[in-house]
Amino acid sequence: MELSQILLILGSTVLVNNFVLMQFLGICPFLGVSRQVETSFSMGLATTFVMTMTSAATWLINTFILEAFNLPFLRYVAFIIVIASLVQFVEMFIKNMSPVLYKTLGIFLPLITTNCAILGMALQIPMNEFNFIESLIFGFGAGVGFTLAIVLIGGLREQLRFSDVPESLQGAPITLILAGIMAMAFMGFSGLIAM
Amino acid sequence: MYQLIKDFKQGLWEEHPLFVMILGMCPTLAVTNTAINGLAMGLATSFVLISSEIVISLVKKLIPNDVRIPSFILIIATFVTFTDYFLKAFLPDIAASLSLFVPLIVVNCLILGRQESFASQNPVHRSIADALGMGIGFTWGLVVLSIIRELLGMGSIFGAEILGTGYRQMIFMILPGGAFITLGILVGIINLINLKRSGN
């Protein structure tokens, strides 16, 4: 495993193929919990954690159970069970290990199960035929990309409080338009890495 | 009967899943680059929604309350796998262009949301009415959004040339940025209509 390849996967998942702004994955928390930078960051942190764990767990299950016994039709069911139980496990783990962190992340953890960025990431691993280490980096990069996008939009929405937004555009619509402008900016990265 | 019509009509406008409740955003933004993709996604989601609402409202008494969310997701995932294999076998072109977003119907919050708030509390016939209304509402939302994007982005609707060969295509509309902005403006317009109707 060369360093350049690790950086390549990281750069491509964080910037070029940003999960939120380029692949439309994880839009629900992106719109729902991005009112402040602080909560956005906590959500991003929790998601990154779950994503990294998920990438490892689903890689193992996919390679040693689903592919070994030729059961590809169970993939969606198996992956979603893994994600749901992992989220539950992470919740219990954090609760016991660090009550302070649990207080910050607590309410966001159950939401992560239905974050389509996680399942989307897990399904892209077999598509790209990554090995174990590559999968881990892919999962981590996807989480960092998600965090970047949600923290940026959180900052923009904090500033938005001082501007005069028409009543009909308040809330989701203006956030979507902001995200559109950010997606345009992220297009600038598209020539950076060719995968 | 009156109750059934009311359940059905809810999803069409008042509680429209896309424009009012802002649910199921990921497929909405991702696959509405052409009208045919939008329609296919709408129908696939409606199928999963209707089948899982029927099953869940039938078995709701058998599922312990503590494990209801995982059970719902499993039932949904089963129907999604079925849809995925059906599309791959009979409509391979559409399956290829929707790619990742067919399996992601599993985590579409619209579907899980309806199970939690409707199917798990109401009898089968009302759940069917609700699922049909929500499904049609979701589908028309996707089709409207994708028609706008395809028309401005490629000058065609459902692949048929509308604006002629002289039209300068706004490629931006088919790209991610265009998706966000078009949807934002559409939600704004719907909000404006609803505000006008309720206000004065």
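Protein chains in written order, with our numbering: chain A, 206 to 400; chain B, 3 to 202.
Quick reminder that beta carbons are idealized off the backbone N, C-alpha and C, glycines included.
Everything numeric in this text was worked out from a predicted model, so none of it was measured.
Within chain B, the residues whose beta carbon sits less than 7 Å from that of Met389 of chain A are Gly179, listed in sequence order.
For Val356 of chain A, the closest of A:Ser290, A:Ala347 and A:Phe246 by C-alpha to C-alpha distance is A:Phe246. Among the CB atoms of chain B, none fall inside 9 Å of the CB of Asn333 of chain A. For the pair of segments examined, the stretch 12-21 of chain B was found not to touch the stretch 53-70 of chain B: the number of CB pairs separated by less than 8 Å stays below three. Along the stretch 105-136 of chain B, the alpha helix (DSSP H) occurs as fully enclosed runs of 4 or more residues at 111-116, listed in sequence order. Relative to Ala322 of chain A, the option among A:Leu208, A:Leu265 and A:Ser260 whose CA is nearest is A:Ser260.
Residue A:Leu220 holds the alpha-carbon nearest to the alpha-carbon of Met392 of chain A among A:Ile288, A:Ile214, A:Gly344 and A:Leu220. Shortest Cα-Cα distance from Val109 of chain B to any of A:Val238, A:Leu213, A:Leu365 and A:Cys233 involves A:Cys233. Ala390 of chain A sits in a helix when the DSSP states are folded into three classes. Using a CB distance cut-off of 9 Å, Gln364 of chain A does not count as an interface residue toward chain B. Within the same chain, Gly13, Leu14, His18 and Pro19 come within 6 Å of Gly139 of chain B by CB-CB distance, once the 5 residues on both sides are set aside. Not flagged as an interface residue toward chain B: Pro304 of chain A, since no C-beta distance is shorter than 9 Å.
Distance from the CA of Val349 of chain A to the CA of Ala79 of chain B, rounded to the nearest whole angstrom, comes to 27 Å.
Phe294 of chain A has a beta carbon lying at 9 Å or more from every beta carbon in chain B. Using a Cβ-Cβ cut-off of 9 Å, Val57 of chain B does not count as an interface residue toward chain A, since no Cβ of chain A sits closer than that to its own.
In the DSSP annotation of this structure, the continuous segment of the alpha helix (DSSP H) that includes Asn196 of chain B starts and ends at Pro178 to Gly201. With a 10 Å radius around the Cβ and a threshold of 16 neighbouring Cβ atoms, Thr36 of chain B comes out buried.
Linking Glu296 of chain A to Met156 of chain B through their CA atoms gives a straight-line distance of about 47 Å. For the stretch 256-276 of chain A, the set of residues with a beta-carbon nearer than 8 Å to any beta-carbon of chain B is empty.
The residue among B:Ser48, B:Arg116 and B:Asp68 with its C-alpha nearest the C-alpha of Thr85 of chain B is B:Ser48.
Note: Ile159 of chain B is bridge-paired with B:Ala162 in the DSSP secondary-structure output.
As the crow flies, the alpha-carbon of Phe335 of chain A is around 14 Å from that of Thr257 of chain A.
The closest CA to that of Ile358 of chain A, considering only A:Lys300, A:Leu381, A:Phe254 and A:Gly344, is found on A:Leu381. For Ala273 of chain A, the secondary structure class from DSSP, reduced to helix, strand or coil, is coil. In this model, Met172 of chain B and Val104 of chain B are separated by some 27 Å (Cα to Cα). Less than 9 Å divides the Cβ of Ile285 of chain A from the Cβ of Ile75 of chain B.
Only residues of its own chain outside the window of five on either side were considered, and among them Asn39 have a CB closer than 6 Å to the CB of Ser99 of chain B, listed in chain order. Using a Cβ-Cβ cut-off of 9 Å, Thr319 of chain A counts as an interface residue toward chain B, since at least one Cβ of chain B sits closer than that to its own.
Runs of the beta strand (DSSP E) spanning 3 or more residues and lying entirely within the stretch 275-344 of chain A do not occur at all.
Straight through space, the alpha carbons of Thr352 of chain A and Ser239 of chain A are spaced by roughly 11 Å. Against chain B, the CB of Gly325 of chain A has a partner CB under 9 Å away; the residue lies at that interface. 9 Å or more divides the Cβ of Ser122 of chain B from the Cβ of Ser53 of chain B. Straight-line measurement puts the Cα of Gln241 of chain A at about 21 Å from the Cα of Val255 of chain A. Look at Asp369 of chain A here: in three-state DSSP terms it is coil, with no helix or strand label. Any Cβ of chain B closer than 9 Å to the Cβ of Ser340 of chain A would place that residue at the interface, and such an atom is absent. Segment contact: the stretch 173-189 of chain B against the stretch 370-385 of chain A, three or more CB-CB distances shorter than 8 Å; contact assigned.
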